[in-house]
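Visitor:
Protein chains: 2
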Amino acid sequence: MTPKDTVIRADDAPDEAITAGEIKGDVAPQTPANHGLATTQKPRNAFAELMKPKPKMNTQSLNENTNKGKTSSRPSSSGSKSFDARDGLGIYIKYPERNPEGRVIEYDDDFVVIQDKYPKASVHLLLLPRDPKLTLEHPLVTLSNNPDFLAKIKSRIERLKLLAARELRRKYGLSSASDAPYQLALEEMMSGPDPPPSDERDSLLPPGRDWSREIISGVHTHPSMNHLHIHVLSRDMHSPWLKKKNHYLSFNTTFLVGLDEFPLEEGSPRFHPGDWTSWDMVCWRCRENFRNKFKALQEHLDEEFEAWRKE
Amino acid sequence: MTPKDTVIRADDAPDEAITAGEIKGDVAPQTPANHGLATTQKPRNAFAELMKPKPKMNTQSLNENTNKGKTSSRPSSSGSKSFDARDGLGIYIKYPERNPEGRVIEYDDDFVVIQDKYPKASVHLLLLPRDPKLTLEHPLVTLSNNPDFLAKIKSRIERLKLLAARELRRKYGLSSASDAPYQLALEEMMSGPDPPPSDERDSLLPPGRDWSREIISGVHTHPSMNHLHIHVLSRDMHSPWLKKKNHYLSFNTTFLVGLDEFPLEEGSPRFHPGDWTSWDMVCWRCRENFRNKFKALQEHLDEEFEAWRKE
DNA sequence: TATTCCGATAGTGAC
DNA sequence: GTCACTATCGGAATGAG
Chain Y
1 MTPKDTVIRA DDAPDEAITA GEIKGDVAPQ TPANHGLATT QKPRNAFAEL
51 MKPKPKMNTQ SLNENTNKGK TSSRPSSSGS KSFDARDGLG IYIKYPERNP
101 EGRVIEYDDD FVVIQDKYPK ASVHLLLLPR DPKLTLEHPL VTLSNNPDFL
151 AKIKSRIERL KLLAARELRR KYGLSSASDA PYQLALEEMM SGPDPPPSDE
201 RDSLLPPGRD WSREIISGVH THPSMNHLHI HVLSRDMHSP WLKKKNHYLS
251 FNTTFLVGLD EFPLEEGSPR FHPGDWTSWD MVCWRCRENF RNKFKALQEH
301 LDEEFEAWRK E
Chain Z
1 MTPKDTVIRA DDAPDEAITA GEIKGDVAPQ TPANHGLATT QKPRNAFAEL
51 MKPKPKMNTQ SLNENTNKGK TSSRPSSSGS KSFDARDGLG IYIKYPERNP
101 EGRVIEYDDD FVVIQDKYPK ASVHLLLLPR DPKLTLEHPL VTLSNNPDFL
151 AKIKSRIERL KLLAARELRR KYGLSSASDA PYQLALEEMM SGPDPPPSDE
201 RDSLLPPGRD WSREIISGVH THPSMNHLHI HVLSRDMHSP WLKKKNHYLS
251 FNTTFLVGLD EFPLEEGSPR FHPGDWTSWD MVCWRCRENF RNKFKALQEH
301 LDEEFEAWRK E
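In the order they appear, the protein sequences are chains Y and Z. If you read the first sequence in the UniProt record's numbering, its first letter stands for residue 1, the second for the next number, and so on. If you read the second sequence in the UniProt record's numbering, its first letter stands for residue 1, the second for the next number, and so on.
Structural data, given as structure tokens:
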């Protein structure tokens, strides 16, 4: 394996996430079932296997390992004496091959992709640049002042959006009305005599629902976690970890700066959102204003989610 | 019984409060054991019986009936169609002879005295004037503009303070260092050959601790309960019903206007205390400032109470 | 400032 | 804006048939 190769965390048991304890060597095991996405870096990913159509089963494999591997959760930011919960992402950047908490999706010399430990939506990934010169910089500054870096990020994020979109299709494709053409054709293809490999299927199938439109990406204006991270998540905001007003606002106001908004111009007001935690909560789908009534919003989001996934 | 007589709620079982259900007739029963206080109105009271010294027992009879007779709690402010919890004191004024919830201490044509349903101190009584023309007036206005009424109230309150002081002695006299001379002499008196009746004892005994100094009285600047009521309570603030900051502040700031401060002069700032619920909580005994830390104050009050009662 | 219930808000400590 | 825990603060309903 050359340093520039992307290593993939693969799942032999598609419906159960890999835990850190299952990985014995330096890198995650690879299986013949892993079919990578076609990019310049040719990374392969664990979602590929998960994307296999599973009629009659509504698996949620990505959200099932929320509490697994908790004993292996040890920040251990070696060097700093005092523990700081805000350094929690450092372990993934430093030792992605250890696959901490079974959360690593893929990694190479430049990036680590993990599932957010506390996802705020059906799909919620983090892209973590590994460059030590950049990882502790402020994301708005770095992404606005470093064109080369921004270009790399944008390229990588485009690919992650597709990854996330495929995961949405895996989760909700069968209950989606507009995805029916794809799902029906896929079923026919897979029950046929010679099913093509998974990375060739989509080009042979009708488009169905454009799930990538449901994926958002960006960075928080004032991140709580110290290491630079870019969010890639579905916009449904349907998650047991969405527990507080600021959770919702941080992804549904200008506190989130979308990747496509960069570079910000110098002196942009986006650098100073002001008292954003006091802003009203507005439904991302129907624009109803719930002011500060989080519980009411939460119930409403459940309903919107059901309608959304069936679109 | 003439209308001007004061009717006393008497306890045959001193350690257990009478409940409303035990009273069959129009008035509370009287027993030979009731020895009244010597006032112009000659009211007798339930505390007299409770004041009997009970060595080795630390009874708290006054606080034991908190939840009794709940079924008989019916505001029923006849005339107004809608229920209003702020009219809750009306029932005591209207039907004191029913002894609602077993809470009536004494009553006559002009006043009803009850135990506060949610006492904020070891002893907490309410004096309720019955005059329909006055009971719904604002206490600060009425007590400042009506000298005759104020005089009656002051007279009555003086007596209630003595009643409350005796109750403090009953509860804590035996654990009080400075009350020892009284308690020892009392014990000797009662074990002697011819113990005098209870209303003659104190004049024959050494003074002991001046419990009346521990009693405060006054009205809230902005009462929540609609019917005019004057608080008479011990200053210890030791009670399971003291649950919130405003409970404490309402008796330990200028939000409480002491009876002896009346009449207020017209335009007095006391009419407008301002944002009093945001004021700091300061220990009534040692003046330590607990700011808005209610739990910390509560623990501290427990300690102060133990020291206070042993004074 | 009646209570009670529920929920929103705020501060803290975290290996 | 990391979470989880505790506590403080804030609004709304409140009985009874």
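Glycine included, each C-beta is placed from N, C-alpha and C at the ideal position.
#1: Identify, in the order they occur along the chain, each residue of the same chain with its Cβ nearer than 7 Å to the Cβ of residue 217 of chain Y, setting aside the five sequence neighbours on each side.
#2: Measure the alpha-carbon distance for residue 303 of chain Y versus residue 193 of chain Y and round it to whole angstroms.
#3: Quick check on the DSSP output: the beta strand (DSSP E) that includes residue 172 of chain Y runs from which residue to which?
#4: Evaluate residue 182 of chain Z with the Cβ neighbour count: other Cβ atoms within 10 Å of its Cβ, from every protein chain shown; 16 or more gives buried, anything less gives exposed.
#5: According to the Cβ coordinates, are residue 89 of chain Z and residue 105 of chain Z closer than 8 Å?
#6: Work out the CA separation of residue 222 of chain Y and residue 61 of chain Y for me, nearest whole Å.
#7: Looking only at C-alpha atoms, which of Z/249, Z/211, Z/238 and Z/268 sits nearest to residue 311 of chain Z?
#8: To the nearest angstrom, how far is the alpha carbon of residue 275 of chain Z from that of residue 134 of chain Y?
#9: Among Z/285, Z/226 and Z/307, whose alpha-carbon lies nearest the alpha-carbon of residue 86 of chain Z?
#10: Residue 209 of chain Y: which of Y/188, Y/175 and Y/113 sits nearest, CA to CA?
#11: Do you know offhand how far residue 115 of chain Y's Cα is from residue 249 of chain Y's?
#12: Would you identify the three-state DSSP class for residue 125 of chain Y, choosing helix, strand or coil?
#13: With a 10 Å radius around its C-beta and 16 neighbouring C-beta atoms as the bar for buried, classify residue 159 of chain Y as buried or exposed.
#14: So the beta strand (DSSP E) residue 106 of chain Y belongs to, where does it begin and stop?
#15: When the distance is taken between beta carbons, is residue 120 of chain Y closer than 8 Å to residue 198 of chain Y?
#16: For residue 215 of chain Y, I'd like the list of residues in its chain whose CB is within less than 8 Å of its CB, leaving aside the five on either flank, ordered along the chain.
#17: Between the Cα of residue 309 of chain Y and those of Y/256, Y/285, Y/294 and Y/296, spot the shortest distance and give me the residue it belongs to.
#18: Exposed or buried, what is residue 267 of chain Z when buried is set at 16 or more other beta-carbons lying within 10 Å of its beta-carbon?
#19: Could you give the distance in angstroms between the alpha-carbon of residue 117 of chain Z and the alpha-carbon of residue 180 of chain Z?
#20: With 16 other CB atoms within 10 Å as the buried threshold, where does residue 305 of chain Z fall?
#21: Could you give the uninterrupted runs of the beta strand (DSSP E) lying entirely in the stretch 171-257 of chain Y, keeping only those of 3 residues or more?
#22: What does the alpha-carbon distance come out to for the pair residue 96 of chain Y and residue 107 of chain Y?
#23: With distances taken between CB atoms, is the gap from residue 150 of chain Z to residue 262 of chain Z smaller than 8 Å?
#24: Starting from the N-terminal side, write out each stretch of the beta strand (DSSP E) that is 3 residues or longer and does not extend beyond the UniProt domain "Aprataxin C2HE/C2H2/C2HC zinc finger" (252-306) of chain Z.
#25: Within 10 Å of its beta-carbon, does residue 147 of chain Y have 16 or more other beta-carbons around it, so buried, or fewer, so exposed?
#26: Output needed for residue 172 of chain Z: all residues of its chain with C-beta closer than 7 Å, excluding positions within five of it in sequence on either side, in chain order.
#27: With a threshold of 8 Å on Cβ separation, who are the neighbours of residue 70 of chain Z within its own chain once the five nearest residues in sequence on each side are excluded?
#28: Does the beta-carbon of residue 243 of chain Y have 16 or more other beta-carbons within 10 angstroms, so that it is buried, or is it exposed?
#29: Return yes when the Cβ of residue 273 of chain Y is within less than 8 Å of the Cβ of residue 255 of chain Y, no when it is not.
#30: Need the endpoints of the beta strand (DSSP E) that residue 111 of chain Y sits in, please.
#31: Can you tell me the Cβ-Cβ gap for residue 111 of chain Y and residue 136 of chain Y, rounded? I've got them flagged as a contact below 8 Å.
#32: Quick check: what's the CA-CA separation for residue 184 of chain Y versus residue 170 of chain Y?
#33: For residue 7 of chain Y and residue 246 of chain Y, what's the separation of their Cα atoms in angstroms?
#34: Please list the terminal residues of the continuous alpha helix (DSSP H) segment that includes residue 135 of chain Y.
#35: Could you tell me the alpha carbon to alpha carbon distance between residue 178 of chain Z and residue 253 of chain Z, rounded to whole angstroms?
#36: In whole angstroms, what separates the C-alpha of residue 93 of chain Z from that of residue 279 of chain Z?
Guide: On the basis of the supplied data:
#1: Within the first sequence, numbered from 1, the residue matching residue 217 of chain Y stands at position 217. Contacts found: 157, 161, 230, 231, 232, 258 and 259.
#2: For the purposes of this step, residue 303 of chain Y is taken as residue 303 along the first sequence, with counting starting at 1. For the purposes of this step, residue 193 of chain Y is taken as residue 193 along the first sequence, with counting starting at 1. Answer to the nearest angstrom: the Cα atoms are 41 Å apart.
#3: The sequence position of residue 172 of chain Y within the first sequence is 172, counting from 1. Segment 147-172 is the alpha helix (DSSP H) holding residue 172 of chain Y; no beta strand (DSSP E) there.
#4: The residue you call residue 182 of chain Z lines up with position 182 of the second sequence. It counts as buried.
#5: Within the second sequence, the letter at position 89 stands for residue 89 of chain Z. Within the second sequence, the letter at position 105 stands for residue 105 of chain Z. Not in contact: residue 89 of chain Z and residue 105 of chain Z (Cβ atoms no closer than 8 Å).
#6: The residue given as residue 61 of chain Y occupies position 61 in the first sequence. The residue given as residue 222 of chain Y occupies position 222 in the first sequence. Only weak support exists for where residue 61 of chain Y lies, its pLDDT of 40 falling under 50; the value from the coordinates is given anyway. Between residue 61 of chain Y and residue 222 of chain Y, the C-alpha separation is close to 31 Å.
#7: The residue labelled residue 311 of chain Z in the question sits at position 311 within the second sequence. Closest option to residue 311 of chain Z, judged by alpha-carbon separation, among Z/249, Z/211, Z/238 and Z/268: Z/211.
#8: The residue labelled residue 275 of chain Z in the question sits at position 275 within the second sequence. The residue labelled residue 134 of chain Y in the question sits at position 134 within the first sequence. Taking C-alpha positions only, residue 275 of chain Z is separated from residue 134 of chain Y by approximately 49 Å.
#9: As a working mapping, residue 86 of chain Z is identified with position 86 in the second sequence. Closest option to residue 86 of chain Z, Cα to Cα, is Z/226.
#10: The residue you call residue 209 of chain Y lines up with position 209 of the first sequence. Considering only alpha carbons, the answer is Y/175.
#11: The residue labelled residue 115 of chain Y in the question sits at position 115 within the first sequence. The residue labelled residue 249 of chain Y in the question sits at position 249 within the first sequence. Going by the C-alpha atoms only, they are around 20 Å apart.
#12: Counting from one through the first sequence, the residue named residue 125 of chain Y turns up at place 125. It is a strand residue.
#13: Numbered from 1 along the first sequence, position 159 holds the residue referred to as residue 159 of chain Y. Residue burial is scored here from C-beta neighbours: residue 159 of chain Y has at least 16 other C-beta atoms within 10 angstroms and is therefore classed as buried.
#14: Position 106 of the first sequence, counting from 1, holds the residue named residue 106 of chain Y. 104-107 is the extent of the beta strand (DSSP E) around residue 106 of chain Y.
#15: Position 198 of the first sequence, counted from the first residue, corresponds to residue 198 of chain Y. Position 120 of the first sequence, counted from the first residue, corresponds to residue 120 of chain Y. No, the Cβ-Cβ distance between residue 198 of chain Y and residue 120 of chain Y is not below 8 Å.
#16: What you label residue 215 of chain Y is simply residue 215 of the first sequence in a count that begins at 1. Within the same chain, and ignoring the five residues on either side of residue 215 of chain Y in sequence, the residues whose Cβ sits closer than 8 Å to its Cβ are 123, 161, 164, 165, 168, 232, 233, 234 and 235.
#17: Sequence index remark: in the first sequence, residue 309 of chain Y carries index 309 (1-based). Residue Y/285 is the option with its Cα nearest to residue 309 of chain Y.
#18: Reading the second sequence from its first residue, position 267 is the one you call residue 267 of chain Z. Within a 10 Å sphere around the beta-carbon of residue 267 of chain Z sit fewer than 16 other beta-carbons, which makes this residue exposed.
#19: For the purposes of this step, residue 117 of chain Z is taken as residue 117 along the second sequence, with counting starting at 1. For the purposes of this step, residue 180 of chain Z is taken as residue 180 along the second sequence, with counting starting at 1. Rounded to whole angstroms, residue 117 of chain Z and residue 180 of chain Z show a C-alpha spacing of 32 Å.
#20: Start at 1 with the first residue of the second sequence, and residue 305 of chain Z comes out as number 305. Its Cβ being crowded by 16 or more others within 10 Å, residue 305 of chain Z is buried.
#21: As far as the stretch 171-257 of chain Y is concerned, its whole beta strand (DSSP E) runs of at least 3 residues are 215-220 and 230-234.
#22: Here residue 96 of chain Y is taken as the residue at index 96 of the first sequence, counted from 1. Here residue 107 of chain Y is taken as the residue at index 107 of the first sequence, counted from 1. Rounded to whole angstroms, residue 96 of chain Y to residue 107 of chain Y spans 7 Å at the Cα level.
#23: Here residue 150 of chain Z refers to the residue found at position 150 of the second sequence. Here residue 262 of chain Z refers to the residue found at position 262 of the second sequence. Result yes, Cβ atoms of residue 150 of chain Z and residue 262 of chain Z sit closer than 8 Å.
#24: Fully enclosed beta strand (DSSP E) runs of 3 or longer: 256-258.
#25: Sequence index remark: in the first sequence, residue 147 of chain Y carries index 147 (1-based). Using a 10 angstroms sphere on the CB of residue 147 of chain Y, the tally of other CB atoms stays under 16, which defines it as exposed.
#26: Residue 172 of chain Z sits at position 172 when you count from the first residue of the second sequence. A distance below 7 Å between beta-carbons, with the five flanking residues on each side excluded, links residue 172 of chain Z to the following residues of its chain, in chain order: 309.
#27: As a first step, residue 70 of chain Z is located in the second sequence; it is residue number 70 there, counting from the start. Any reading at residue 70 of chain Z must be qualified, since the residue scores a pLDDT of 36, below 50, and its modelled position is unreliable; the value itself is stated next. Contacts found: 101.
#28: For this step, residue 243 of chain Y is matched to residue 243 along the first sequence. Within a 10 Å sphere around the beta-carbon of residue 243 of chain Y sit fewer than 16 other beta-carbons, which makes this residue exposed.
#29: Taking the first sequence and counting its residues from 1, the one referred to as residue 255 of chain Y is at position 255. Taking the first sequence and counting its residues from 1, the one referred to as residue 273 of chain Y is at position 273. With contacts defined as CB atoms closer than 8 Å, residue 255 of chain Y and residue 273 of chain Y qualify as a contacting pair.
#30: Within the first sequence, residue 111 of chain Y is the residue found at index 111, counting from 1. It spans 111-115 - the beta strand (DSSP E) in which residue 111 of chain Y sits, taken as one unbroken run.
#31: As a first step, residue 111 of chain Y must be located in the first sequence, where it is residue number 111. As a first step, residue 136 of chain Y must be located in the first sequence, where it is residue number 136. About 16 Å; that fails the 8 Å criterion.
#32: Within the first sequence, residue 184 of chain Y is the residue found at index 184, counting from 1. Within the first sequence, residue 170 of chain Y is the residue found at index 170, counting from 1. Going by the C-alpha atoms only, they are around 14 Å apart.
#33: For the purposes of this step, residue 7 of chain Y is taken as the residue at position 7 of the first sequence. For the purposes of this step, residue 246 of chain Y is taken as the residue at position 246 of the first sequence. Each residue's alpha carbon lies about 34 Å from the other.
#34: Here residue 135 of chain Y corresponds to residue number 135 of the first sequence, with the count starting at 1. In the DSSP assignment, residue 135 of chain Y falls outside any alpha helix (DSSP H) and carries neither an H nor an E.
#35: Position 178 of the second sequence holds residue 178 of chain Z. Position 253 of the second sequence holds residue 253 of chain Z. Rounded to the nearest whole angstrom, the C-alpha separation of residue 178 of chain Z and residue 253 of chain Z is 28 Å.
#36: Within the second sequence, numbered from 1, the residue matching residue 93 of chain Z stands at position 93. Within the second sequence, numbered from 1, the residue matching residue 279 of chain Z stands at position 279. One C-alpha to the other measures close to 34 Å.
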